[in-house]
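Enquirer: Positions -4 to 643 (the working numbering) are the ones given, in order, by the sequence shown.
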Amino acid sequence: MFTCCLPWWRSSATCKPWQSGRFLLRVWERCQPPSRKGINTTTGLGQQVGAQEKQVLEDLEMPLAKRETETLFQEQPETGNQYLEDALLQSYLKTHLPPEVLKEVNQDLERFGNRLLTKIKPLGWECELNPPVFRQYDAWGRRVDQIVTCSAWRRMKEISAEEGLVAEAYERRYSNWSRLHQAVKLYLFSSCSGGFSCPLAMTDGAAKVIESLGIPGSLKNAFDHLTSRDPKKFWTSGQWMTERRGGSDVANGTETVARKQPDGTYRLYGFKWFTSAADSDVTLTLARIVDAEGHVKEGSSGLSLFFLKVRDEEGKLNGIQVQRLKDKLGTRQMATAELWLDGAKAELISAEGRGVASISNMLNITRIHNVAGAVASMRRMISLSREYARKRVAFGKLLKDHPLHMQTIARMEVQTRGAFLLLMEIVRLLGLVETNMASEQDQLLLRLLIPVAKLYTGKQASAVAVEAMESFGGQGYMEDTGLPVILRDTLVLSIWEGTTNILSLDVLRSLSKSQGQVMAVFFSTVQKKLELASSTAKLEPAVKQMRDAISSLARFMQAAGSKGALTMELAARDFSYSLARIYAGTLLIEHAARPDASSTDISAARRWCNEELCPVATGLENSSYEAEEALMDSTLVYEGSPACGSRL
């Protein structure tokens, strides 16, 4: 999605797979695309730079007056086909997909990678340069409430249909692997989608809800539109949940009411404070049904789920008024609006009072999309960072020849690998569930891993984006490089679909609802994967560290069980981080235990396991989750504030 002064979508030469070798250099040697000017890559630390790299150094030593006036002091990073440059993705698919499926999927992804490079990335940047505009009145004073989007945004919708970015998951051409195929395409699409990944997430979620309801006759037409490959028929969906009194707290924050009409439909009245992709065709939303006496039931049990079209048959808004568009830090390419529902015609699609339960399927899907977006932004930033390091000269040599710089990028690479494997594990399990091939253990594990992966990768992505931006120096802070766009759009990923604390509490709910069974499944799954990898000698240290972490987690569970609910709430975030680090580390070990695993795979697993794997155990040892500490937390936050009656 980069153009302006630096058109970073330009094609590069065909990439080669990673070679074995020291991990610090293999951050980019998994793909070795020479730039258009032919700068060679090094194959070992200390090896002489190529002829073109020498020329760069000689140019810098030349007196300023003798240099070509048009010579740039810095060259922009150039990346090629995202799929061909992603060796980890290719190795994962080769390991897991059946051969006949792999052949077709590989061809599709290579073709899609070329389309992303040549067609879609420029459109993504156009979406950034031409954000939506709200036109409330026409020239004659009539209220029209029109959200005007650019042609590139509308073309993104057509491309999404053509590529089956939603349809792929529901056609099930590859049985349980269809969901994984879709997720990989979304992962590749995300970083150059110009923000269109968001409406796709909600569209996928809406289709999932309708499918989970058995695709009732009244919703068959909508389902067909949401999962269509025909650009002329394809619909996108919104997800209107957030209201003025609350975001994640829909039980207490939802004020919208639904009044039943004689024909069995409902009219909705209320104010939606935050509606992403407000230009969508349809939406799902929550509301409280007004009974015959004019009363509504409070709490989550009073919420029901409704389906509505945004516009009527004449193209007019369906009892909806657009208050304004939100002025956001990022995701500016997408229209996010405040909406008044003033008699919007809607259809009740859940049982009365079962709205939260019914929309949970949508939340699971959108959270998985959030994980895909997080991993995609990490991968994009690292790809650009490593390419920049090939060309940027500092202190007499290229950045890639500075060991500390290499170490920094390598650490980001390890984080990205763990996040990627978490994403693949979740969509693999989801594919099994959707094709009725999942065991009870698979279903429990999926329920746990979705919030764990969402909360952890959201934090990872923000950290990696900031670190990667720093690797460009001051150039990373320049708007026309496109790097600030990636950073801004990444920061929302820890907020969308539930903040870190909200999802940490959801992790605890999964434990209580399963009466502890989910943790038994977690422990047994991790142990089985480690057992299979234990025969690989180079992974023995990592396997031992992981087993030690599991033991620490088990001790925490035992100790916390006797301390009460407050302890678990205070520990919720560290507990969720521990689950993420242990499971991602286990997946890295599993991937590194393959017969054809590279030294890079092994190094990544070992490096992950060298970090703290079970922070919740450390917190318990430090008495961080005691009631006294909770009181001190409040004191630390509010000391000296008016609320404490103190003066500075």
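Here a beta-carbon is modelled for each residue, glycine too, at the ideal position from N, C-alpha and C.
Keep in mind it's a predicted model, so treat the numbers as computed, not measured.
#1: Starting from the C-beta of C187, find all residues in its chain whose C-beta is less than 7 Å away, skip the five residues before and the five after it, and write them out in chain order.
#2: If I measure Cβ to Cβ from R174 and keep anything under 7 Å in the same chain, skipping five residues before and after, which residues do I get?
#3: Please confirm whether S232 and S275 have their CB atoms less than 8 Å apart.
#4: What are the residues that DSSP puts in a beta bridge with F266?
#5: Can you list the beta strand (DSSP E) stretches of 3 or more residues lying completely in the region 67 to 142, in chain order?
#6: Where are the alpha helix (DSSP H) runs, 4 residues long or more, that stay fully inside the region 146 to 215, in chain order?
#7: For S489, which residues from the same chain have a beta carbon less than 7 Å from its beta carbon, with the 5 sequence-adjacent residues on both sides left out?
#8: Could you check where the alpha helix (DSSP H) with I315 kicks off and where it finishes?
#9: In the DSSP assignment, what are the bridge partners of Y393?
#10: When burial is assigned at 16 or more other CB atoms within 10 Å of the CB, is L393 buried or exposed?
#11: Which residue from S223, W148, V447 puts its Cα closest to that of V513?
#12: For S355 and L441, I'd like the C-alpha separation in whole angstroms.
#13: When the Cβ atoms of the region 366 to 376 are set against those of the region 179 to 195, are three or more pairs found closer than 8 Å?
#14: From this set, Q77, A272, F218, S243, which residue's C-alpha is nearest I142's C-alpha?
#15: Sort S573, S223, L582 by Cα distance to Q522 and report the nearest one.
#16: By the three-class DSSP mapping on this structure, what secondary structure does Y144 have?
#17: Do the region 616 to 631 and the region 577 to 593 make contact, defined as three or more Cβ pairs closer than 8 Å?
#18: Within a Cβ cutoff of 6 Å, which residues of the same chain sit near H400, ignoring the five residues on either side of it in sequence?
#19: Among the candidates A622, F467, P610, R319, whose CA atom is the shortest distance from the CA of V128?
#20: Can you tell me which of E309, D103, L525, Y620 puts its alpha carbon nearest to the alpha carbon of A560?
#21: Going along the chain, which residues of its own chain have a beta-carbon closer than 7 Å to the beta-carbon of R167, five neighbours each way excluded?
#22: For the beta strand (DSSP E) that Q234 lies in, which residues bound it at each end?
#23: Give the secondary structure of L19 by DSSP, where H, G and I count as helix, E and B as strand, and everything else as coil.
#24: Nearest to L450 by alpha carbon, out of E408, L92, R362, G108?
#25: Under 8 Å by Cβ, that's how I've got I577 and L548 pegged, so tell me the actual separation to the nearest angstrom.
#26: Whose C-alpha, out of K180, L324, A600, L506, is nearest the C-alpha of F570?
#27: Rounded to whole angstroms, what's the CA-CA distance from K180 to E121? Just pull it up for me.
#28: If contacts are defined as beta-carbon pairs under 8 Å, then A332 and F301 qualify, I think. What distance do you get, rounded to the angstrom?
#29: Looking at the strands, I want to know which residues DSSP matches up with S299.
#30: Pull the bridge partners of G559 from the DSSP assignment, please.
#31: Mind checking who G241 pairs with in its DSSP beta bridge?
#32: Any idea if L631 is buried or exposed, counting beta-carbon neighbours within 10 angstroms, 16 or more meaning buried?
#33: Is the region 287 to 299 touching the region 95 to 108, taking contact as three or more C-beta pairs under 8 Å?
#34: Less than 8 Å between the CB atoms is what I'm expecting for P610 and S573, so what's the real figure, rounded?
#35: DSSP on A592, reduced to helix/strand/coil?
#36: Note down the Cα distance separating T113 from I154, rounded to an integer number of angstroms.
Expert: Let's see:
#1: For this step, residue 187 is matched to residue 192 along the sequence shown. M(-4), L111, I115, K116, G119, listed in sequence order.
#2: Position 179 of the sequence shown, counted from the first residue, corresponds to residue 174. Within the same chain, R174 has close Cβ partners A164, V422, L425, G426, E429.
#3: Walking along the sequence shown from the start, residue 232 turns up at place 237. Walking along the sequence shown from the start, residue 275 turns up at place 280. Yes; because the gap between Cβ atoms is below 8 Å, this pair is in contact.
#4: The count along the sequence shown starts at 1 and reaches residue 266 at position 271. DSSP, once it has assigned bridges, lists W335 as partnering F266.
#5: 128 to 132
#6: 146 to 157, 162 to 166, 173 to 185, 192 to 207
#7: Mapped onto the sequence shown, residue 489 falls at position 494. Once the five neighbours on either side are set aside, the close Cβ partners of S489 are G453, K454, S457, T495.
#8: Within the sequence shown, residue 315 is the residue found at index 320, counting from 1. Here I315 belongs to no alpha helix (DSSP H); instead the beta strand (DSSP E) covers 315 to 320.
#9: Looking up residue 393 in the sequence shown gives position 398. For clarity, residue 393 is Leu in the given sequence; the question names Tyr instead. In the DSSP output, where bridge partners are listed per residue, L393 has V388.
#10: Residue 393 sits at position 398 when you count from the first residue of the sequence shown. That one is buried.
#11: To locate residue 513, count along the sequence shown from 1; it is residue 518. The residue with the shortest Cα to Cα distance from V513 is V447.
#12: Walking along the sequence shown from the start, residue 355 turns up at place 360. Walking along the sequence shown from the start, residue 441 turns up at place 446. So the alpha carbons of these two residues sit roughly 13 Å apart.
#13: yes
#14: Numbered from its first residue, the sequence shown carries residue 142 at position 147. Cα-wise, what sits closest to I142 is A272.
#15: Sequence index remark: in the sequence shown, residue 522 carries index 527 (1-based). Per the Cα distances, L582.
#16: In the sequence shown, the residue the question calls residue 144 occupies position 149. Correcting the residue type first, residue 144 is Thr in the shown sequence and not Tyr. Note: T144 maps to coil in three-state DSSP.
#17: no
#18: Your numbering for residue 400 matches position 405 in the sequence shown. For H400, where only same-chain residues beyond five positions count, the Cβ hits under 6 Å are L394.
#19: For this step, residue 128 is matched to residue 133 along the sequence shown. Taking only the C-alpha atoms, the option nearest V128 is R319.
#20: On the sequence shown, residue 560 is found 565 positions in, with the first residue counted as 1. For the residues E309, D103, L525, Y620, the minimum Cα distance to A560 belongs to Y620.
#21: Taking the first residue of the sequence shown as position 1, residue 167 is located at position 172. Only S173, T430 meet the Cβ criterion.
#22: Locating residue 234 in the sequence shown gives position 239, counting from the first residue. Its beta strand (DSSP E) spans residues 232 to 235.
#23: The residue labelled residue 19 in the question sits at position 24 within the sequence shown. Low local confidence applies: a pLDDT of 44 at L19 is under 50, so the model's placement there is unreliable, with the coordinate-based value given in what follows. Looking at L19 - three-state DSSP - the assignment turns out to be helix.
#24: The count along the sequence shown starts at 1 and reaches residue 450 at position 455. Cα-wise, what sits closest to L450 is R362.
#25: Locating residue 577 in the sequence shown gives position 582, where the first residue counts as 1. Locating residue 548 in the sequence shown gives position 553, where the first residue counts as 1. Yes, I577 and L548 are in contact; Cβ-Cβ is about 7 Å, under 8 Å.
#26: Residue numbering aside, residue 570 sits at position 575 when the sequence shown is read from its first letter. Selected option, being the one with the closest Cα: L506.
#27: Within the sequence shown, residue 180 is the residue found at index 185, counting from 1. Within the sequence shown, residue 121 is the residue found at index 126, counting from 1. K180 and E121: Cα-Cα distance of roughly 21 Å.
#28: Counting from one through the sequence shown, the residue named residue 332 turns up at place 337. Counting from one through the sequence shown, the residue named residue 301 turns up at place 306. Not really, about 18 Å apart at Cβ, beyond 8 Å.
#29: As a first step, residue 299 must be located in the sequence shown, where it is residue number 304. For S299, which the question treats as bridged, DSSP gives the partners A282.
#30: Stepping through the sequence shown from its first residue, residue 559 is reached at position 564. G559 is not bridged to any residue.
#31: Position 246 of the sequence shown, counted from the first residue, corresponds to residue 241. E238, per the DSSP bridge assignment.
#32: Within the sequence shown, the letter at position 636 stands for residue 631. Exposed.
#33: no
#34: As a position in the sequence shown, residue 610 is number 615, starting the count at 1. As a position in the sequence shown, residue 573 is number 578, starting the count at 1. Indeed, because the Cβ distance is near 6 Å, the residues count as touching under 8 Å.
#35: Locating residue 592 in the sequence shown gives position 597, counting from the first residue. A592 falls in the coil class under three-state DSSP.
#36: Position 118 of the sequence shown, counted from the start, is the residue given in the question as residue 113. Position 159 of the sequence shown, counted from the start, is the residue given in the question as residue 154. Whole-angstrom Cα-Cα distance: 13 Å.
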